[in-house]
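*Asks:*
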Ligand SMILES: [Zn+2]
């Protein structure tokens, strides 16, 4: 199997990971494009953006990465092992 890369942080994918709907399910994202991300990366996306923001303005990986908070997060997470997950990190819905 070819090595899979997380589209957000560009590190190799490893558990725990989550499927991210670029358009949230609650905003009509059923059957739309999904990407596999580290659980921590997906958690960060959902901590920074509301589902409305995701569906309207941040429905591509490039748009997500263009946001300051996410750019900072990527810089930080790049130094961590792919399996890294901080269970204490606040995950707001
Ligand atoms: Zn990642």
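Residue numbers (our numbering): 308 to 400.
Where is the CB? At the ideal position from N, CA and C, for every residue including glycine.
Which stretch, first to last residue, makes up the alpha helix (DSSP H) that contains residue 345?
*Replies:* That residue, residue 345, is in no alpha helix (DSSP H); its beta strand (DSSP E) goes 341-345.
*Asks:* Let me know the beta strand (DSSP E) ranges lying completely inside the region 308-394, each 3 residues or longer, listed in chain order.
*Replies:* Entirely contained in the region 308-394, the beta strand (DSSP E) runs reaching 3 residues are, in chain order, 324-328, 341-345.
*Asks:* Measuring CA to CA, which of 386, 325, 310, 311 is closest to residue 348?
*Replies:* Of the listed residues, the one whose Cα sits closest to residue 348 is 325.
*Asks:* Among 330, 321, 323, which residue has its Cα nearest to the Cα of residue 368?
*Replies:* Ranking the options by Cα distance to residue 368, first place goes to 330.
*Asks:* When the Cα atoms are used, what is the spatial distance from residue 384 to residue 353?
*Replies:* In a straight line, the C-alpha of residue 384 is about 16 Å away from that of residue 353.
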